[in-house]
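Written out below as structure tokens is the structure these notes cover.
Number of protein chains: 2
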Amino acid sequence: MVNSDMGIKVDRNKVALLAGVSSATVSRVFNHPEKVNKDKRETVLKAAKELNYKPNINAAILARGINGKILLLDNNKLLKYDSSNSYYYSWLYVDLLNQIRDVLKGTVYELVISNLEDLKIQDSFDLRDFDGIICFDIDDIDDLSLVRESGIPYVFGHHVREIPLTNKLFTDNYYGGFLQARFLRETGHIKTIYITGMLNKLNAHKERYNGFSDIYSCKNHLLIEGRVGKDGGEESIRTVIDKIESKEYTAIAAVNDLTAIGIYFELMKRGISIPEDVSLIGYDNLPFTNLLPKRLSTIDIKIGQLYKQSAINLLSIIRNGTNEMPGNFKPSLIRGQTVSRNKEIL
Amino acid sequence: MVNSDMGIKVDRNKVALLAGVSSATVSRVFNHPEKVNKDKRETVLKAAKELNYKPNINAAILARGINGKILLLDNNKLLKYDSSNSYYYSWLYVDLLNQIRDVLKGTVYELVISNLEDLKIQDSFDLRDFDGIICFDIDDIDDLSLVRESGIPYVFGHHVREIPLTNKLFTDNYYGGFLQARFLRETGHIKTIYITGMLNKLNAHKERYNGFSDIYSCKNHLLIEGRVGKDGGEESIRTVIDKIESKEYTAIAAVNDLTAIGIYFELMKRGISIPEDVSLIGYDNLPFTNLLPKRLSTIDIKIGQLYKQSAINLLSIIRNGTNEMPGNFKPSLIRGQTVSRNKEIL
DNA sequence: TTGTAAGCGTTATCAA
DNA sequence: TTGATAACGCTTACAA
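Residue numbers (the working numbering), protein chains in the order written: chain A, 1 to 346; chain B, 1001 to 1346.
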């Protein structure tokens, strides 16, 4: 007690001395407790407690020949106000961060955050300083090569085809689109409008649409390809405002929440009530949507859970060299208040 | 080249061998380059490059007797949907994170994130594993004692009085409230409504109000103390809706953006136009406010910059044992679109 | 089951 | 200005 309180360094040797064992035994008590006699183990633990002993992680790491660090590598698009839309996703980032930390909590690994920009331009750090890499939102094939060629175990959350499935964890966009459609159909909507970005530009958009159109055939939905985001949503909805006012279409699905928000406010401005006049469902479940006058119906991509699983997978790759976990992550429906039963058909 | 590409370990000794110097000289080249002969320095650097040598940070840290880690300790209120309001501040968290990382980039320190809950309940980690602690949004005096008693250098971003000024960095709430008021006065508003939480409950609220009422005397503003947040804003504004409709009061200031958003939507619902019928200004500059139909006028607390400065201060404390930097951080005005010139007096 | 001792890759002191 | 060399605190063969 006194020792530690006085700030005098207490290491394995001091504990060993007090417990009357060798320092190797102390080490074993902490790393392979099953390999040491129960009585001795307790004596050591007692001595350690008395001395307020705390293992030095860095020394352990050095002795083990590892780095003790997992890298969360992001594309640093977050927080760039100008590249606008991705900025708002930083909200989800904290969730993801916490989930990954949760997985790493019991391990020797510490989570370190960095981004591609620092890696490439400044080379202020080296991938070799890490035992594993979790890529967040990295979709450029060249960027990925950088990671793959480092030889460090990695996992990856997107859709580049060249990546082995083992290292990949992705949100099931098809299923998400399907959920949107199924919800609208269940609430009695016959004819719907689907608002998205240019489908040939982004695979995720295409997949979400495929899931949606699996339920709503071409005759039963109107597809609008345009810009995404708040402004895009406003623009797109204007082109079909007459078809909403005429009640020809009774529900709208958007490819993401930001676009849905543009639609939401544009309709509001024109005195069209949601969901009384038209139903609306988004995609992503940005926390923002919970602050709207009517809580937006949307799809929760559960990004925190997705990256939690990716951290688990990474650990498995580091330890076993491989990983058997699922790579496919299913989103879920948030019912919200912006979709209501279609009264036109009652 | 070959060596490193083949994954064979290359350390100081290999570099020393190739450069024809001792390993101590190699070490000096990297740590105290001024202490080594220029020619030799270049030879060493060349050899290091050729071998693709990378210093082992953990070994350095161990030898130096430091931990190589700075802790960002938060109160883990973020991400708790139920404790609602703080949840939305996670948006700002990413900003702060990036800024701190930016400061630490040139140092041996890595940023590690953790929270009080893990520290107290699980004791899954030990404050002694860190060289410095940045406390984020920790306002409980007992929690702070934990940090202070660890003896580790720390900085701290709030208003507990017992903390020495050196270790404290705070946002100037008085000035922020003053900015709100000055902006409203400049745009010609004579009588205003100030909506806040219970003033005796939270010092920050009190300070903001003091700044505001420094410009608007009691006769010129109506103070509403109530619940904060979206619901609170809705409630509070309802109690004075007649005074807004009658144009007796032409502008509203809210203690924070979440409250302002409640006010915003409640007014919208009642057909009161912002800023045509009444002006509105919030506080915090949550990114959210940029997505509203009219971009909310608000006060930017610049939390990223604040924590950047706090990281700089912490480094100064670690290195010099003390710190001379300013502890007071001034927010700035975001003009937005929800405050307009008061036409009543034109 | 336990102890001895050789690393792990640095830093830094002390002589030269 | 340089080179030996002793830490740094731990892990882990290997031997006992």
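Beta carbons are placed, not taken as given, at the ideal position from N, Cα and C, and that holds for glycine. Quick caveat: nothing in here was measured; it's all calculated off a predicted structure.
Asked                                                                                                             : Found
Span of the alpha helix (DSSP H) around Phe1212(B)                                                                : 1203–1213
Beta carbon proximity, Asp1231(B) to chain A, threshold 8 Å                                                       : no
Residues in the segment 285–299 of chain A having any Cβ partner in chain B nearer than 9 Å                       : Pro287, Phe288, Asn290, Leu291, Leu292, Pro293
Same chain, Cβ closer than 8 Å to Trp91(A), five either side skipped, listed in chain order                       : Leu286, Pro287, Phe288
Rounded distance between the beta-carbons of Ile334(A) and Ser297(A), thought under 8 Å                           : 6 Å
Straight-line Cα distance separating Ser1316(B) from Leu127(A)                                                    : 28 Å
Cβ neighbour criterion (16 or more within 10 Å) applied to Thr1239(B)                                             : exposed
Beta-carbon neighbours of Ile1057(B), restricted to chain A and to distances below 7 Å                            : Asp129
Chain-ordered neighbours of Val278(A) on chain B, where CB pairs are closer than 8 Å                              : Chain B residues near Val278(A): none, gap ~18 Å exceeds 8 Å.
Reduced DSSP secondary structure (H/G/I, E/B, other) of Asn1328(B)                                                : strand
Exposed unless 16 or more other CB atoms sit within 10 angstroms - verdict on Asp82(A)                            : Interpretation of Asp82(A) is limited by its pLDDT of 48, a score under 50 that renders its predicted location unreliable; no figure is taken from the coordinates.
Test: Ser1124(B) CB closer than 8 Å to a CB of chain A                                                            : yes
Between the CA atoms of Gly20(A) and Ser351(A) - distance to the nearest angstrom                                 : Since the displayed chain A opens at 1 and closes at 346, residue 351(A) lies outside it and no answer follows.
Cβ pair Arg1295(B), Gln1337(B) closer than 8 Å                                                                    : yes
Where Leu1333(B) sits in the DSSP three-state scheme                                                              : strand
Close Cβ partners of Asn1075(B) (< 8 Å) along its chain, the five nearest in sequence each way excluded           : Asn1115, Leu1116, Phe1136, Asp1137, Ile1138, Asp1139, Asp1140, Asp1143
For Asp1118(B) and Val36(A), the rounded distance between their alpha carbons                                     : 29 Å
Gly1177(B) beta carbon less than 8 Å from that of Arg1148(B)                                                      : no
Segment limits, beta strand (DSSP E) that includes Ser1114(B)                                                     : 1110–1115
Local conformation of Leu1306(B) per DSSP, three classes                                                          : helix
Chain-ordered chain A contacts of Arg1101(B) [CB-CB under 8 Å]                                                    : Ile113, Ser114
CB contact check: Asn3(A) to chain B, cutoff 8 Å                                                                  : Residue placement at Asn3(A) is flagged as unreliable, the pLDDT there being 36, under the threshold of 50; a coordinate-derived value is accordingly withheld.
For Cys1135(B), the residue or residues it bridges with in DSSP                                                   : Leu1073(B), Phe1156(B)
Per-residue burial, Ser1236(B) [other beta carbons within 10 Å of its own, 16 or more giving buried]              : buried
First and last residue of the uninterrupted beta strand (DSSP E) at Tyr1194(B)                                    : 1192–1196
For Glu1225(B): DSSP bridge partner residues                                                                      : Thr1196(B)
Contacts that Phe265(A) makes with chain B (C-beta to C-beta distance below 7 Å)                                  : Pro1293
Cβ-Cβ separation, Ile1113(B) to Ile1133(B) (assumed contact under 8 Å), whole Å                                   : Actually they are not in contact, since the Cβ atoms of Ile1133(B) and Ile1113(B) sit about 12 Å apart, beyond 8 Å.
Cβ contact check for the segment 1037–1057 of chain B and the segment 42–49 of chain A: 3 or more pairs under 8 Å : no
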